[in-house]
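Worksheet: the structure to be examined is printed underneath.
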Amino acid sequence: MYVGKVPQTSAQPTCVGSWDNLHWVEGGGVQGGSYTNAGESAVAEFDWKVPNTAKAGDKLTFTLPPQLQVATGADQRFTLRDASNREVGTAEWSGKNLIVTLSDFAGTHFDVQGKVKVSLQWDRSQINTETGYDSAVDGLLQFSGCGQGALAGVYPKDGPGGNTHETSKAGQYRGKKTVDEADIYLTDWTVWINGSTKGTETAEGGFRVTDKAPEGHKFACDSAMTSPSDVVSVGTWSNDFFYLGSIINANNYADGGRYVGFTGIQNTFTGHNFTVTCSEQEIVFEFPYGLSPQTGPIVRFTTYTETKPEAFSTQTNTATVNGKDYTGYAAIPGSGGFGTGKLGGFTVRKVVIGSGVNIPSEFTFEYKCEQMDGSKIVSEEFKVKGDGTDYRHFTSLEKGMSCEVKEKNDQLGSPEPRLSWIIDGQPAASATFTIRDPKENSVDLIATNTYPEDPKEETGSFIIEKQLVGDPAIVDGLKDKEFNFTYSCNDEASQKVKASVNKPFTSEKEYPVGTKCVIKELEEGTDVEQHIWSHTLTPGDGVITIGKGQTAKVVATNIYTPVPKGTFTVKKVVEGDAKVATDPQYQSKEFSGEYKCGSSEWTPFKVSAEKPFVSPEFLENTECEVKELDTDAAISGYEWTSSVENGKFTIGKDKKQSIDVKFINNYKPKLGGFFLEKIVNGPAAGLAKDLEYSFNYVCGEKTGPLTVKAGEIISGPIDIPVGTRCKVTEASFDSPRGTTWTGSITKNGEFTIEEDKTVQITATNTFDYSDGGFAISKTVGGDAKDLAKLAELPFEFKYSCKAPTGGNAIDGSVSVMNGQTKHIEKIPVGSECEVTESDIRHDGVDWSVTLSGEDISVNGATAKFKVPSEDAPALLVKAHNTFTQQKGSFKINKIVDAEAGVAVPKEFGFAWTCGNLSGEATVPVVNGRGSVAVSEEIAIGTECVVSEKDASIPGASLATTWENQRFVIGEKDQVVSVTATNTYKAHTGGFVIRKQLMGVASDKAKEKVFTFDYVCTKRDKETARGMLNIKGEGSSDPVSDIADGSECTITERDAHIDGTNWNHTISNDGKISIIGGNSTVTVSAVNGYEKPPLSPLVPLIPLLPLIPLLPFVITPIIPPTSSVPSQVAPQAPAPQQPNKAQVNKQRTPLAKTGASVIGLAFASTLLIAAGVFVIRRGKKKN
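By full-length UniProt numbering, the letter at position 486 of the sequence shown is numbered 486, and the numbering carries on one by one without gaps.
If you want it as structure tokens, here you go:
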């Protein structure tokens, strides 16, 4: 047997008194009288008592076995009080010893005793956890100290760990903790969670654990309250390993979690698998991604209260796990007890003052007490020693009695003393007084005899005398044993001395008369096995005064009281008729019994009416049980009954030395009778099993009716004389509908009453079934698109009926059309039938069936019923199918991407069409994102299209891209996500310069590079500046990305060519406006180049004849503004905006000179040709 790892001390406990009646208190860790639940504490209880010699400061000890220790949180010190809340003593734990110390209560009360109960728990350090501890194998748990006791207990050995567990909750009280100079009381709670728990909060089976603080309690969210333990713990078992701080989710991913509302946790974020939120009134554990079913998660947290919980009470707390409540309990350990003592009556002590010859050592008194009305008188003579410590206590006196105590001076030759009385500490002329209530203190009398002092003596010594009281053998064995004392006189240091019965201690030193010495006896070495030790000193306080010419004496008396024992006596009482009561053979007949006391086994014994059984002795307070055995109890020809009076008792109860137990047997002559058994069988027996069947019997003079049910056996009359002839007949009854029956009775119901035998008559009825049947009707409904087509299908039903007769089931199937009813026949009445409709599967449609009808029960697609009788209403199973169209839906997501500074709408409108359904939706957008769910349910297979309403804004371009703009609902409960992304860009513009050349000398400019400068501003801020080159006729490089609203000025640099006259124009004098969205403005710059004018030497007169030829090239004459012909002036058109249709109109005329450019050129050519012609003709003539 494993007895622990710590060696036990050999020191003996201090014992003034004893404890006994040790037992477990049922509940908590104790089940069936044994401490078997190692997870909880156990409460043990025992009685204690001390002798009347006990005084304040005396102690007794209760010692635990090595395998147990005080429960965590139990009080280490407590007070024992009586019913009036007076302190009887205190109890305090010192290691595994509970030490009870008496108060002043012990000095003023008698029969001081009490009860203590303590919470205990297993001490794992003293148990081999690999093998465990079982009192049935290793021996009972042994308690010691000032008493002996043994209790049963089992501590299971450590077994293999597991990874999963069921959901449950439990608490463990931790006790007091001081935080910020305030006391709080902590309880740890643990919730074990089944890994298969699956919630509905998320797709992964997320759920939460919620716990609310009990009334008067709060949750500890600050680690300072639980240090050094963690303020909260989350973990899980997996693969025989515990992951602290992590959870394995439904995807088998291990990760930590987040801690909210806690103080003192260094790392409040370790992962995403759980979130625990703490407040004083609630703590919540969230598992958003569910749990792995192969794991065993555990959460632990702590509650506290500022009010100390009541010892031995129970705290209750409920946690809600995935919507289901689980309640845990925490037992509050404790240590407590009470004490009591007796008061009342009166005491008499004797004190002798002075010395002399023949002063007696013992004095005789007498008392007389009587009621005022003379109804009762009590008197007695008694003796008291004159050492000042001896006393007599009288308690059997009624309240209110008037008493008088007198001392008898019957010592011949003794000097005459002066007698004085002190009553309750006050001097009195005589010892007369009134008895108080028994619950009050006794009346204390001290009779003092003062003898003349011897004036010659001036110093004296003292002696310590040892006396022993107890069993003679014990006293004889201790007469030479030296006991330890200390004494101190006046201010001297205390000295240690020894004294025995045969060798008292006498002080060698003489002390001055009047010196006070204090003598104390030490407890060490005073114990005697199996005896209770107590002691007294006379004088009671051990203080003596040195007198003249005498030796002061202290008498130290050790009282050894055997542990009280007792017996029990079993007496046999035989009752019956005169023969049994008087026949000597029955008075001497031995009967068998057995008894069990304490932890002993059952022990047999014999007892008779003449010779009672007397048991061996057992310790006081031993619990016993006695019972009589049936062996040898029968007497031929008689019936007998037995009973036990006081079969369970406690040894020494009510201070009885022997407990009386009675075995009482009562005998009656035998009579006869009969039993009637009713058997109902046959295929239809079940329908007749609840009927009552009536019978009539005739037995001689005794007749009467009997009623019995199927399967019953009832008793007929049992007081029928033996030999009586009887006849039993069955009355008629109504057979259940749908059945037929036949019947028979044993021996046709005739029989004779026999001795020592009860005749059994059996009446048998056989029932059979008639045939029946049932019907099935079919209806169809729902919102499926193909409902009309589905309603035309045949619907198949399968049925299976178990006949009441058993055997093979009757199976079959039947096809029923919508709106049709089919009948199934030839099914035995009473058959148990099940009808199940076969599944109908159709794409995009959910099928369900509803079964109904009278007298049927339904489980899903199966109806259950019992076939009724043929004359009962027909049973109809109504089957209604509902075909529900499977549907889905969609949502519209809006994404807006805009350049900085572009103000976009806050909501966007959409229109949608799904088959024959259509609607509109508005999507609000915040920070570029928005979404709205379309609540319509749309049938699977429906094609949908979504369009956006006008979302353009001024000053910006819009580009829209789509995701799933067209889609088809393809699955049940599908939610299609449609996304429209709008991209907005602010408008910018630009321009290009187009160079045109005109005039007769324009050929000279075809290779010339023309240079332009431009500057653009917007609200006085320059937005663009640059230079452009154009070679000959053509266009410049385009200028782009100019801010919308800019004003630009374009100027051309000098472009003259030697030998020509140069003139130019530019659209709108080179000023243009940039309009956003018009990417490029075309600016025309026209340059005209002409030859210089002809010299005036050319005569015009010869040309005059040609003038009539010019009208076809000369426009109508417009009066010139000058008399000198003007040069050709180019004219640039207005700037052209791109993407705008141009109106066909005549080219802008040049400066108004009276002729078109072509006409003038033609006229000039003719004039020149004419001049040449005239000159050449002149030369020929010459």
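A virtual CB, placed ideally from N, CA and C, is assigned to each residue, including glycine.
Small disclaimer: the values here were computed from a predicted structure and weren't measured.
For Leu141, same chain residues with a beta-carbon under 7 Å away, outside a window of 5 residues either side, are Pro65, Gln67, Leu68, Ser135, Ala150, Leu151 and Gly153 in chain order.
Here DSSP, grouped into helix, strand and coil, assigns Asn1068 to helix. In the structure shown, the three-state DSSP call for Phe733 is coil. Ser599 counts as exposed, since fewer than 16 other C-beta atoms from the protein chains shown sit within 10 angstroms of its C-beta. Pairing Ser94 with Phe338, the inter-Cα distance amounts to about 20 Å. Beta-bridge annotation (DSSP): Arg436 is not paired with any residue. Annotation for Glu286: Arg208, Phe274 and Thr275 place their beta carbon closer than 7 Å to its own, counting only its chain and skipping 5 residues before and after.
Restricting attention to Ser430, Thr395 and Asp410, the CA atom closest to the CA of Asn441 is found in Thr395. Counting along the chain, the unbroken alpha helix (DSSP H) around Gln585 starts and ends at Pro584 to Gln587. Listed in chain order, the non-local C-beta contacts of Ser813 below 8 Å within the same chain comprise Glu796, Phe797, Lys798 and Tyr799, local neighbours out to five positions each way being set aside.
With respect to the 8 Å criterion, Trp962 and Ala986 are not classified as neighbours on the basis of their beta carbons. Of all C-beta pairs linking the region 559–572 to the region 521–534, three or more are shorter than 8 Å, placing the two stretches in contact. Where Val722 is concerned, there is no enclosing beta strand (DSSP E), because DSSP gives it neither an H nor an E. Across the set Tyr693, Arg1019 and Asp390, the C-alpha of Asp390 shows the shortest separation from the C-alpha of Thr347.
The three-state secondary structure of Leu671, taken from DSSP, is coil. A residue is called buried when at least 16 other Cβ atoms come within 10 angstroms of its Cβ; Gly28 meets this threshold and is buried. Between the region 775–789 and the region 882–900 there are three or more inter-stretch CB-CB distances shorter than 8 Å, so the stretches are counted as touching. Nearest neighbour of Glu1007 by Cα position, chosen from Asn982, Arg966, Thr1049 and Ala1055, turns out to be Ala1055.
Residues of the same chain with a CB within less than 8 Å of the CB of Gly704, apart from the 5 flanking positions on each side, are Asn696, Tyr697 and Pro717 in chain order.
Annotation: Pro868 is outside any beta strand (DSSP E) and is labelled neither H nor E by DSSP. Per the C-alpha coordinates, the member of Asn249, Gly264, His272 and Phe78 positioned closest to Gly256 is His272. Taken through DSSP and simplified to helix, strand or coil, Pro828 comes out as strand.
About 7 Å separates the beta carbons of Ser1046 and Thr1017, which is inside the 8 Å limit, making them a contact pair. A check of alpha carbon separations from Asp855 across Ile1030, His842, Ala874 and Tyr243 identifies Ala874 as the nearest. His217 is the residue among His217, Arg392 and Thr226 whose C-alpha sits nearest the C-alpha of Glu306. For Asn249, the closest C-alpha among the options Gly290, Thr277, Leu676 and Pro333 is that of Gly290.
Measuring C-alpha to C-alpha distances from Ile679 to each of Phe663, Asn665 and Lys709 identifies Lys709 as the nearest.
In the structure shown, Phe312 falls within a coil segment according to DSSP collapsed to helix, strand and coil. Here DSSP, grouped into helix, strand and coil, assigns Lys656 to coil. Between the region 328–338 and the region 416–425, the count of Cβ pairs shorter than 8 Å is below three; the stretches do not touch. Ranked by Cα distance from Phe110, the options Lys96, Asn97, Val88 and Thr101 are led by Val88.
Distance from Thr129 to Thr61 at the Cβ level is roughly 29 Å; contact not present, criterion being Cβ atoms closer than 8 Å. By alpha-carbon distance to Asn358, the top candidate from Ala54, Ser414, Ala170 and Val923 is Ser414.
By the neighbour-count criterion, in which 16 or more other beta carbons inside 10 Å mark a residue as buried, Val926 falls on the exposed side.
Taking C-beta atoms as the reference points, Thr340 and Gly566 fail to come closer than 8 Å.
Ranking Lys1021, Asn484 and Tyr511 by CA distance to the CA of Ser500 puts Asn484 first.
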